[in-house]
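Below you'll find the structure, written out as structure tokens, and then a few comments.
Number of protein chains: 2
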Amino acid sequence: MKVNVHFSPLHSDELYFTAKTTVVIDVLRATTTVLAALHNGAKEVIPVNSVEFAMKVSVNSFGGQTLLGGERNTKKIEGFQLGNSPLEYSKEAVSGKSIILFTTNGSKAIVKAKFSETLLLCSFLNVKSVAAYLANLNKDIEILCAGKTGSFCIEDTICAGRLITELKNLKGEELELTDSSKASVILDNAYGNDLQKVLSECEHGKLLIENGFQEDVNYCAQVSVMDLLPSFNNGTVKPLKIP
Amino acid sequence: MKVNVHFSPLHSDELYFTAKTTVVIDVLRATTTVLAALHNGAKEVIPVNSVEFAMKVSVNSFGGQTLLGGERNTKKIEGFQLGNSPLEYSKEAVSGKSIILFTTNGSKAIVKAKFSETLLLCSFLNVKSVAAYLANLNKDIEILCAGKTGSFCIEDTICAGRLITELKNLKGEELELTDSSKASVILDNAYGNDLQKVLSECEHGKLLIENGFQEDVNYCAQVSVMDLLPSFNNGTVKPLKIP
Numbered sequence: 194m195k196v197n198v199h200f201s202p203l204h205s206d207e208l209y210f211t212a213k214t215t216v217v218i219d220v221l222r223a224t225t226t227v228l229a230a231l232h233n234g235a236k237e238v239i240p241v242n243s244v245e246f247a248m249k250v251s252v253n254s255f256g257g258q259t260l261l262g263g264e265r266n267t268k269k270i271e272g273f274q275l276g277n278s279p280l281e282y283s284k285e286a287v288s289g290k291s292i293i294l295f296t297t298n299g300s301k302a303i304v305k306a307k308f309s310e311t312l313l314l315c316s317f318l319n320v321k322s323v324a325a326y327l328a329n330l331n332k333d334i335e336i337l338c339a340g341k342t343g344s345f346c347i348e349d350t351i352c353a354g355r356l357i358t359e360l361k362n363l364k365g366e367e368l369e370l371t372d373s374s375k376a377s378v379i380l381d382n383a384y385g386n387d388l389q390k391v392l393s394e395c396e397h398g399k400l401l402i403e404n405g406f407q408e409d410v411n412y413c414a415q416v417s418v419m420d421l422l423p424s425f426n427n428g429t430v431k432p433l434k435i436p
Numbered sequence: 194m195k196v197n198v199h200f201s202p203l204h205s206d207e208l209y210f211t212a213k214t215t216v217v218i219d220v221l222r223a224t225t226t227v228l229a230a231l232h233n234g235a236k237e238v239i240p241v242n243s244v245e246f247a248m249k250v251s252v253n254s255f256g257g258q259t260l261l262g263g264e265r266n267t268k269k270i271e272g273f274q275l276g277n278s279p280l281e282y283s284k285e286a287v288s289g290k291s292i293i294l295f296t297t298n299g300s301k302a303i304v305k306a307k308f309s310e311t312l313l314l315c316s317f318l319n320v321k322s323v324a325a326y327l328a329n330l331n332k333d334i335e336i337l338c339a340g341k342t343g344s345f346c347i348e349d350t351i352c353a354g355r356l357i358t359e360l361k362n363l364k365g366e367e368l369e370l371t372d373s374s375k376a377s378v379i380l381d382n383a384y385g386n387d388l389q390k391v392l393s394e395c396e397h398g399k400l401l402i403e404n405g406f407q408e409d410v411n412y413c414a415q416v417s418v419m420d421l422l423p424s425f426n427n428g429t430v431k432p433l434k435i436p
């Protein structure tokens, strides 16, 4: 069982992921936000890789049942009902709704990996559940970090390292790690014990705090508080039903 | 003084490096090999990003004074006089010669950064000298790891971390680190104390050893044994004359 980590979606062509088992991580904030939405009863999340496509999908949807969510430069997009703050995705706002989500990094990473056989979304909030599911699935894993506008970001990598460590606790020596997987584990071990601090001091965290999102950062630093497994299939993300 | 690390040349467009101060690292083996060549009296190294271009440059060169060097899949290329093993670049082989170098990762990374104002080549062999020069130059620095066929490799990142630590010893708090720079330092601290082991156990090192290059791996693990500063200018790499 081999585990590989991609520090950014720019590296790989979308065909690379064909028939693979992929986990997309965007700690700040897209995969955390999808978890919040599904946790609060959203019917589904439809990730898109352009604002134009978000608009197009939205026009074809039933009014009132579909919300547009997302951000550009951390801020809500004009004409969208929701930004990319997990705190906005409350029960009142999202219960029973379909959400079309566009974000700078996360939604694009999910769309990039769309040809995966299994495509799960992970953040610190559900890292233990994702590890348990994958340990049971027992296939090679590609972890795709959304990164920050095409390059490395430390918080996604630490979350990847945490996922691998959880997997290692379950699978032991069966796990084969690539260079990038080893690096992720080392970064989590060296740096991941105070997540609130890491998420506040990393480049993306600092940008969010400057823009008034300190509470989001705190929310995203919660570890293994949800059992949800958001799974992408035929264009939409829904919670995976575990048999 | 800001330091940024690129884990692979795939991330960035060549125009990104325009007028910047860039350090290219390819521990296994291109930048180590260039150091060996210049140390043993090669007149210059001409890095190229395709075998075809290597052939073209070679045809226009004076016979006997120019050697073709490089590899594909770790092995010497047919018709080339030298491979990419630093041990081949002995005094007898290279003294006074111009070497046209094509390698899978390193020579391409150098060419990618060709618009830099200052472009230095670094490996463990000259890491202290590069740090001393850059500390004195006092400009923002882009460290470009050659990586392995477009993705992350741990040995270049550890070398980047070592370079940053040496810089920090000289500049202290003046140094501003991006997420990728912080990660490089952590990886060096956690992993870099036994370089022989790291270089033998990383993905690229294992491939080299399988292909008979254990001695190369040992050679590349030497730290700060040369004062040379290979500098790229107008298409060729020569030792920088320090005033």
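For the record, the sequence lines run as chains A and B.
Quick note: the first sequence uses this note's numbering, first residue 194, plus one each step.
Quick note: the second sequence uses this note's numbering, first residue 194, plus one each step.
Note that the Cβ used here is the ideal one computed from N, Cα and C, for glycine as well.
Treat the numbers as computed from the prediction; the structure is a model and nothing was measured.
Worksheet item: So, using beta-carbon positions, are residue 317/A and residue 388/A closer together than 8 angstroms?
Response: Here residue 317/A is near residue 388/A, since their CB atoms are less than 8 angstroms apart.
Discussion item. Looking only at its chain, what residues have a beta carbon closer than 7 angstroms to the beta carbon of residue 437/B, apart from the 5 residues adjacent to it on each side?
Written reply: Lying before the first or after the last residue shown, residue 437/B is absent from chain B, which here runs from 194 to 436.
Worksheet item: How would you write the range of the beta strand (DSSP E) that residue 398/B sits in, first residue to last?
Response: Segment 396-403 is the alpha helix (DSSP H) holding residue 398/B; no beta strand (DSSP E) there.
Item to complete: For residue 201/B, decide whether its Cβ has a neighbour in chain A, counting only Cβ atoms nearer than 8 angstroms.
Response: Judged by the 8 angstroms Cβ criterion, residue 201/B is in contact with chain A.
Worksheet entry | Same chain, Cβ closer than 8 angstroms to residue 254/B, neighbours up to 5 away in sequence not counted | Cβ neighbours of residue 254/B within its own chain (closer than 8 angstroms, five residues either side excluded): 291 and 293.
Discussion item. Using only CA atoms, which one of 197/B, 267/B and 214/B lies nearest to residue 314/B?
Written reply: Closest by alpha carbon: 214/B.
Fill in: Straight-line gap, residue 233/B to residue 259/B (C-alpha atoms, nearest Å)
Separation of residue 233/B and residue 259/B (C-alpha to C-alpha, rounded to the nearest whole angstrom) is 15 angstroms.
Practice prompt. Tell me where the alpha helix (DSSP H) around residue 224/B begins and ends.
Written response: Residues 223-232.
Item to complete: Name the one or two DSSP bridge partners that residue 279/B has.
Response: DSSP lists no partner for residue 279/B.
Discussion item. Counting beta carbon pairs with one atom in the region 201-210 of chain B and one in the region 374-385 of chain A, are three or more of them shorter than 8 angstroms?
Written reply: With a cut-off of 8 angstroms, the region 201-210 of chain B and the region 374-385 of chain A do not count as touching, because too few Cβ pairs lie within range.
Item to complete: Determine the contact status of residue 391/A and residue 402/A, defining contact as a CB-CB distance below 8 angstroms.
Response: It is not a contact, given that the beta carbons lie outside the stated cut-off.
Worksheet item: Which residues, in chain order, does the region 366-379 of chain A contribute to contact with chain B at a C-beta distance below 7 angstroms?
Response: If the cut-off is 7 angstroms between Cβ atoms, the region 366-379 of chain A has 371, 372, 373, 375, 376 and 379 near chain B.
Worksheet item: Would you call the region 415-425 of chain A and the region 299-313 of chain A touching, i.e. three or more CB-CB distances under 8 angstroms?
Response: Contact holds: three or more Cβ-Cβ distances are below 8 angstroms.
Fill in: Proximity below 8 angstroms, CB of residue 370/A to CB of residue 325/A
Not closer than 8 angstroms, so no.
Worksheet item: Would you say residue 347/B faces chain A, with C-beta separation under 8 angstroms as the test?
Response: Yes - at least one Cβ of chain A is within 8 angstroms of the one on residue 347/B.
Worksheet entry | C-beta neighbour in chain A for residue 354/B, strict 8 angstroms | Not closer than 8 angstroms to any Cβ of chain A, the Cβ of residue 354/B fails to qualify, so no.
Fill in: Under 9 angstroms by beta carbon: chain A residues contacting residue 384/B
Within chain A, the residues near residue 384/B are 375, 376 and 379.
Worksheet item: Counting along the chain, where does the beta strand (DSSP E) carrying residue 386/A start and finish?
Response: Unbroken run through residue 386/A: none, as it is neither H nor E.
Worksheet item: When the Cα atoms are used, what is the spatial distance from residue 206/A to residue 270/A?
Response: Near 28 angstroms, if we compare the C-alpha coordinates of residue 270/A and residue 206/A.
Item to complete: Just the chain C side, please: which residues come within less than 8 angstroms of residue 344/A by C-beta, in chain order?
Response: Although the question refers to chain C, the structure presented lacks it and instead comprises the protein chains A and B.
Worksheet item: So, is the C-beta of residue 224/A closer than 8 angstroms to a C-beta in chain B?
Response: For residue 224/A, the answer is no, since every Cβ of chain B falls outside 8 angstroms of its Cβ.
Item to complete: Indicate whether the contact test is met: 3 or more Cβ pairs, each with one atom in the region 328-335 of chain A and one in the region 351-358 of chain B, closer than 8 angstroms.
Response: Contact between the region 328-335 of chain A and the region 351-358 of chain B is absent, because fewer than three Cβ pairs lie under 8 angstroms.
Item to complete: Provide the residue(s) that pair with residue 269/A in DSSP beta bridges, ordered along the chain.
Response: 264/A, per the DSSP bridge assignment.
Practice prompt. Could you please tell me which residues of the region 383-405 of chain A, in chain order, have their CB closer than 7 angstroms to any CB of chain B?
Written response: If the cut-off is 7 angstroms between Cβ atoms, the region 383-405 of chain A has 383, 384, 395 and 396 near chain B.
Item to complete: Using a Cβ-Cβ cut-off of 8 angstroms, state whether residue 215/A counts as contacting chain B.
Response: No - not a single Cβ of chain B is within 8 angstroms of the one on residue 215/A.
Discussion item. Less than 7 angstroms between C-beta atoms, sequence neighbours within five positions excluded: which residues of the same chain meet that for residue 418/B?
Written reply: Excluding residues within five positions, the ones whose Cβ falls inside 7 angstroms are 318.
Discussion item. Let me confirm a value: residue 221/A is counted as buried when at least 16 other C-beta atoms fall within 10 Å, else exposed. Which label applies?
Written reply: Answer is buried; the Cβ neighbour count reaches 16.
Fill in: residue 368/B to residue 194/B span [Cα, whole Å]
Rounded to whole angstroms, residue 368/B to residue 194/B spans 5 angstroms at the Cα level.
Practice prompt. Kindly give me the distance between the Cβ atoms of residue 218/A and residue 352/A, rounded to whole angstroms, as I take these residues to be in contact under 8 angstroms.
Written response: Taking the Cβ atoms as the reference, residue 218/A lies roughly 5 angstroms from residue 352/A, within the contact range of under 8 angstroms.
Practice prompt. Using DSSP bridges, identify the partner residues of residue 197/A.
Written response: 335/A, per the DSSP bridge assignment.
Worksheet item: Between residue 430/B and residue 238/B, which are expected to be in contact by the criterion C-beta below 8 angstroms, what is the C-beta distance as a whole number of angstroms?
Response: Yes, residue 430/B and residue 238/B are in contact; Cβ-Cβ is about 4 angstroms, under 8 angstroms.
Fill in: Contact set between residue 350/B and chain A, taken where Cβ atoms lie within less than 8 angstroms
The contact set of residue 350/B on chain A, defined by CB atoms closer than 8 angstroms, consists of 376 in chain order.
Item to complete: Work out the CA separation of residue 225/A and residue 323/B for me, nearest whole Å.
Response: The alpha-carbon atoms of residue 323/B and residue 225/A are separated by roughly 41 angstroms.
Discussion item. Am I right that residue 395/B and residue 372/A are in contact with their C-beta atoms under 8 angstroms? What's the rounded C-beta distance?
Written reply: Indeed, because the Cβ distance is near 6 angstroms, the residues count as touching under 8 angstroms.
Worksheet entry | Start-end ranges of the beta strand (DSSP E) lying completely within the region 297-364 of chain B, minimum 3 residues | Every unbroken stretch of the beta strand (DSSP E) spanning 3 or more residues and falling wholly within the region 297-364 of chain B is given here in chain order: 311-315 and 334-338.
Worksheet item: Would you say residue 433/A and residue 308/A are within 8 angstroms of each other, going by their C-beta atoms?
Response: No.
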